[in-house]
Structures are given as structure tokens and as C-alpha cells.
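For reference, each letter of the sequence shown is one residue, going 2 to 535 in my numbering. Presented below is the structure to which this report refers.
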Amino acid sequence: MANQQFKARLTIKQEELDRLNSIISHMPQEPAAYGGDEEMERLVRSAIQHTGSQIPLYSTEVWFPGGVTAEVNVYPPGDKEASAYPEATLYDGYGEEIASSGPSLILNGEWILRDEENNCYSIDIEGAPQKEERGTIPEQFNATMLVDPEELDTLNRIMCFSDQQDDFPEVDEAELREFADSLAEKSEPLFQKEVRFPDGARADILVTPADSMEDKAFAQAFLYDADGIQIGYTDPYFTLDQDWTLHGENGAVYTVDVQERKRDLDKTSLGKELSELRGIVFRALSLPEQLNRRVAFLERREEAYAALTQELPKALDAIEERLGKQNPEQSASLAAGNYLYTGRMNQLPFGKTREEEAAGFVPALRTFADKIRTAGAVHDATLSEDAPVNGFPVDAIMYLDAARELENAAPRFFRDCLSFRNQLCTNLSLISGEEREACREASDRVDTLRGRLPATKKESPAEKAMREVYSGNRDTVDYDKLNQMAVDRLTKKVASDRDIREVAEIARTINPAISNTKAYAKRMIHRADRKILR
Numbered sequence: 002m003a004n005q006q007f008k009a010r011l012t013i014k015q016e017e018l019d020r021l022n023s024i025i026s027h028m029p030q031e032p033a034a035y036g037g038d039e040e041m042e043r044l045v046r047s048a049i050q051h052t053g054s055q056i057p058l059y060s061t062e063v064w065f066p067g068g069v070t071a072e073v074n075v076y077p078p079g080d081k082e083a084s085a086y087p088e089a090t091l092y093d094g095y096g097e098e099i100a101s102s103g104p105s106l107i108l109n110g111e112w113i114l115r116d117e118e119n120n121c122y123s124i125d126i127e128g129a130p131q132k133e134e135r136g137t138i139p140e141q142f143n144a145t146m147l148v149d150p151e152e153l154d155t156l157n158r159i160m161c162f163s164d165q166q167d168d169f170p171e172v173d174e175a176e177l178r179e180f181a182d183s184l185a186e187k188s189e190p191l192f193q194k195e196v197r198f199p200d201g202a203r204a205d206i207l208v209t210p211a212d213s214m215e216d217k218a219f220a221q222a223f224l225y226d227a228d229g230i231q232i233g234y235t236d237p238y239f240t241l242d243q244d245w246t247l248h249g250e251n252g253a254v255y256t257v258d259v260q261e262r263k264r265d266l267d268k269t270s271l272g273k274e275l276s277e278l279r280g281i282v283f284r285a286l287s288l289p290e291q292l293n294r295r296v297a298f299l300e301r302r303e304e305a306y307a308a309l310t311q312e313l314p315k316a317l318d319a320i321e322e323r324l325g326k327q328n329p330e331q332s333a334s335l336a337a338g339n340y341l342y343t344g345r346m347n348q349l350p351f352g353k354t355r356e357e358e359a360a361g362f363v364p365a366l367r368t369f370a371d372k373i374r375t376a377g378a379v380h381d382a383t384l385s386e387d388a389p390v391n392g393f394p395v396d397a398i399m400y401l402d403a404a405r406e407l408e409n410a411a412p413r414f415f416r417d418c419l420s421f422r423n424q425l426c427t428n429l430s431l432i433s434g435e436e437r438e439a440c441r442e443a444s445d446r447v448d449t450l451r452g453r454l455p456a457t458k459k460e461s462p463a464e465k466a467m468r469e470v471y472s473g474n475r476d477t478v479d480y481d482k483l484n485q486m487a488v489d490r491l492t493k494k495v496a497s498d499r500d501i502r503e504v505a506e507i508a509r510t511i512n513p514a515i516s517n518t519k520a521y522a523k524r525m526i527h528r529a530d531r532k533i534l535r
């Protein structure tokens, strides 16, 4: 659109503004002219030393709605006879320059820039007011913005579309069409809504469309004073429903909590109960990652195992029971998956891809809980045993293995909570470097056997048998069982003792509690022979 006016206020600390203006107005005088002001002399000497440089002495950025930005820079003198100078440059959403002020003689005041469509961008630069006395608490203003569920979903999908292209080459056709349609709205925000605060200020929340299929749409908040002058803004984000915090003048803080407007159906007692149960599911799934943030996963992993094997299945049972009574004709597992995915009763996820993810989500969660039950049993069984030297607890490797499998079935918005293997191996501050390396080696080995990582060399018969078994039986983390199955295969093919011994050696990289690989191999051979005899 053309002939629009955008106004912003940029405040700079008064002391810094005075010094910058002094450098601009007094250059190229000798530093000694500043009467003993050491800081001023330092700044002037710095400016002189950078004569001819294109690196600014001062630089800041101002955002305008629509992705337009303005850079305000103070450049050093072009030569020894010139002065430092300020200049403002306007850029469009592509980062292309669309207007420039040219050099000026003073930094503060009103800067006006116009683009080719005669849109006017005004920046009022002024010194920040005196700091408040110590002990004064800045004013805080809070507001809530409600957005209809379908609109919120659409906007969030559009903003995360480019990320999905990187991770999922086969993007759902409905999502592709939805994103492509949003590009037609380049001249207008996809979403724009304002809230007003008691002091007269207002905040605008906007979602700006992407410029092309390779770019991203984004959300951003802007703060305006009672006169409509822009006085603050946030960085761009790619999720609309969150707390938006803006800082105004005199230290005032403005927070806008963007939330989904609940449907009447979801406000009922059943809706509230289901919401609480959904929260239990996601809190249980998030607990290991939260413990890892506090560098406490290994020390307190039994808490996570208890939540995932007790609270998680109970919550799933309750959700299926409630939804089954509400709609007996629909599969309770499918209804529960849809609800966990959307957070709303009687609503399908958007697009075929999400519907398929939701359909398999509850079965995947139950399989995950069973795997963690196995890991927990291994953990309990080894509590009374001595920890292996330079090893890593195999139950923790089992958890990481189970979480990696669940990633493929979990909603996209939740996968970050499940993929923290690298952070876990890094956060092990209470163990040695050798143990940390053992964690990575064991995890990489399991990923290779599961087919999540490619083999780095030609496979031996033992490696091939183990990969076929591990990748073909993803529903268990009972590694002893899987190792035995691999040996059974090799025995039927009349494999050598060396191949069986290699299975035991590989098993030991995953589970360092296998201290005697020869004895472990011997037991597996004995079991395999007994099966053949039967």
C-alpha cells in the first residue's frame, strides 16, 4: 500500500547522545581541545583512528510493521579534513535498500525516509529521560488477547512452514497450498490486532507474510504511546500464542498474553478435565528434558521413569475412557490421539500428514511407556550392583533409544522435548570424560543398529545380523533379547564362534555391565543350540 505514515521514537541514553553529537560537531579538532574529558578524548581518538572506515562508531536498528527496518549509524570521517556524520537507511523485507537520508550534522531530531510508494517512515531520536530514583518500581501493564482456534492454528502453521520443508521433504499438500495462498497477501498483514493499556499506550500484534516460498512469515509486536508514536517493538517470532513483552518509556513494561479463545465445548467440565489430563501427558513426556536442563537427569531419572510408566498410561486410559463415552462410535485411541494433538474435542488435525500422526500417537505413547518400563526394571536391578568402570548406564541409553523412536510419531510441536541426546552427553558434569564418550559411542551404536544412522564401513556378518534384528524390532529396548535373536540367526547360518563373539563385543559398547564378553557369548550360543535341538 502507498502513502502510509509510520512513526517511531528511538531513545538513546542522554550521555551517549551528547557525546556522539559532540564528536559529530567538533571533528576534526585535536583531542586536547576537550579540556581533560578523558572519555571524550577516547571517543575522538577512536573516530580519528577509524578515518575512512565504513564500520560505524554507533549503530542501531528500528523495526517498522511489514518487515521494514531502518538502520541509524554514526560513521567515522571519510578523511582527515571531514567530520563524523550520522545517516539513516531504510530496508525492505528482502534487506534491499529503499531509502537513505544522506549524511546529517546532528543525531537527535526527526529523521524522515520515504520509499518509492511514498510511504513515510519517521524516526524521532531523543535522549532518554533521567533514570528513576533507586527503589522505584517501573509500572507494569498486562493484557490478554484472544484469538479464535482455527485462525491461531492457521497462522502458526504458516509461520513454521519453512522449517517443515527442511525436516520433511514431503510437505502435506494442504499445508503447501495454505502457505502459497498466504503469499498473495504480501501487501497486508496476515493478522493484526491491538490491545490498549490504561495509560493510553497500545500494542499491535502482527503476522507478516513471507515474501517467497523460501522465506518465513513471522509475528512481531509493536508498542505505541498515547499519541500513536512507536516507542518499542519485539524481535520477530514464529509462534503467535505466547507472552509478548514490550518496554516503554520510563522503564514501563507492557505484556500481552496471546491465547487461544476456548470453544464452548472445551469450556465444559469434561473439556476442563480432558485439558488437565492432556497436561499430565505432556508434563510426563517433558520431565526428562527438564531434568536435563538442570543437569540432573542421571541422578533423578527414576522420577522420569515413574512418571512415564505410571502417570502417562493412567492419563491415556482416562482420556480414552472419557472420549469413548462421549462418542462410542469412534475409536477411543483415535479420538484420544486427535485430542492430544489439537487440545480440542471433536476436531481433526489439519491435513493428511497430521491426521496420520495423530492416529498413531496413542499407540506410540503406550509402546514408549512399555520401553521405559523395561529401562526402569534394568535401572532397579543394577542399583545394588557396582557401576561399570568407564561405562554409562544402559537404562539411560534405552531411554534415549525409546525417545528417538517416539520422535517419529510425536506431534511436530513437541519433538524438541524428546531430542536432547547431544545435550545430555554434554551435560554430564558429574562423570568423567571417558564416561561421556561412552554415552556418545553407545547412543551412536544403537542409532546405527536401528537404521537411524548409516553404517560407516562394510558390515560384518555379526553387524548385519544385529542391524536386521534391531531395525526390525523397534517395539522393544530389551537389548539382551535382541542380541540373542541376532545370535539365533547367525547360528542357523552356521556362523563361526568369532561372529558370535563380535555380537558380544558390540553388545558391550551399548551395555558396559557386560564385563566378560566371552561368557556372554557362550551363554547366547548355549541358548541358540537349545532352540535348535527343540
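For every residue, glycine included, the Cβ atom is placed at its ideal position computed from N, Cα and C. Remember, it's a predicted structure, so these values are computed and weren't measured experimentally.
Q | R528 beta carbon less than 8 Å from that of Q485 | A | yes
Q. Within this structure, are the beta carbons of Q243 and W64 separated by less than 8 Å?
A. Cβ distance not < 8 Å, so Q243 and W64 don't count as in contact.
Q) Between L247 and R10, what straight-line distance do the alpha-carbon atoms span, to the nearest angstrom? A) 14 Å
(Q) Does the contact criterion of 3 or more C-beta pairs under 8 Å hold for the segment 223-242 versus the segment 196-208? (A) yes
**Q.** Beta carbon of A175 nearer than 8 Å to that of K353
**A.** yes
Q: Measure the Cβ-Cβ separation of A365 and A336 and say whether it is below 8 Å.
A: no
Q: State the CB to CB distance for the pair R345 and D267, rounded to an integer number of angstroms; the pair is presumed to be in contact (CB under 8 Å).
A: With a contact defined as Cβ atoms closer than 8 Å, R345 and D267 qualify at about 6 Å.
Q | Which of helix, strand or coil DSSP assigns to D125 | A | strand
Q: Ignoring anything shorter than 4 residues or poking outside the segment 347-400, list the alpha helix (DSSP H) runs there in chain order.
A: 352-383
**Q.** Helix, strand or coil at L266 according to DSSP, with G and I counted as helix
**A.** For L266, the three-state secondary structure derived from DSSP is helix.
**Q.** Alpha carbon of L207 to alpha carbon of P190, nearest angstrom
**A.** Straight through space, the alpha carbons of P190 and L207 are spaced by roughly 6 Å.
Q) Taking the beta strand (DSSP E) that K217 falls in, what are its first and last residues? A) That residue, K217, is in no beta strand (DSSP E); it is neither H nor E in DSSP.
Q) On the premise that G338 lies in contact with F362, defined as a C-beta separation below 8 Å, what is that separation, rounded to the nearest angstrom? A) 4 Å
(Q) Going by beta-carbon coordinates alone, are A305 and E118 separated by less than 8 Å? (A) At least 8 Å separates the beta-carbon of A305 from that of E118.
(Q) For a test of the three-state rule: what should DSSP assign to L21, helix, strand or coil? (A) helix
Q | R453 (DSSP reduced to helix, strand or coil) | A | coil
Q | Cα-Cα separation between L288 and R374, rounded to whole angstroms | A | 16 Å
Q: With DSSP as the reference, please indicate the residues paired to D93 in a beta bridge.
A: The partner list for D93 (beta bridge, DSSP) is empty, contrary to what the question assumes.
**Q.** Y234 classed as buried or exposed, judged by whether at least 16 other C-beta atoms fall within 10 angstroms
**A.** With 16 or more other Cβ atoms within 10 Å, it is buried.
(Q) Using the Cβ count rule (16 or more neighbours within 10 Å means buried), how would you classify A522? (A) buried
Q) When we look at the beta-carbon of M214 and count the other beta-carbons within 10 Å, is it buried (16 or more) or exposed? A) exposed
Q. From the DSSP output, which residues share a beta bridge with I113?
A. S123
Q | Reduced DSSP secondary structure (H/G/I, E/B, other) of K482 | A | Helix, per DSSP.
Q. For R405, which of L349, T145, I515, L454 has the nearest alpha-carbon?
A. For the residues L349, T145, I515, L454, the minimum Cα distance to R405 belongs to L454.
Q) Does the distance from the C-beta atom of L317 to that of R367 stay below 8 Å? A) yes
Q. Which two residues bound the contiguous beta strand (DSSP E) that contains Q193?
A. Segment 192-197, the beta strand (DSSP E) holding Q193.
**Q.** Proximity of G94 and D212 at Cβ, strictly below 8 Å
**A.** yes
**Q.** Closest residue to T145 among K217, D445, L156, V259 (Cα-Cα distance)
**A.** Of K217, D445, L156, V259, the smallest CA-CA separation from T145 is found for V259.
Q | Distance between I159 and S84 (C-alpha atoms, nearest Å) | A | 48 Å
Q) Could you give the residue range of the beta strand (DSSP E) that holds K8? A) 6-13
Q. Sorted by chain position, which residues of the same chain lie with C-beta nearer than 7 Å to D168's C-beta, five sequence neighbours on each side aside?
A. Residue confidence is low: D168 scores 46 on pLDDT, short of 50, so the model does not pin down where it sits. No coordinate-derived value is stated.
**Q.** Residue closest to L313, alpha-carbon to alpha-carbon, out of E290, L58, L278
**A.** L278
Q) Taking Cβ positions, are N109 and N22 nearer each other than 8 Å? A) Closer than 8 Å, so yes.
Q: Locate the beta strand (DSSP E) running through G233, then write down its first and last residues.
A: 231-234
Q: Out of D154, Y342, T383, state which residue places its alpha-carbon closest to the alpha-carbon of E261.
A: D154
Q. Does the distance from the C-beta atom of P462 to that of L491 stay below 8 Å?
A. yes
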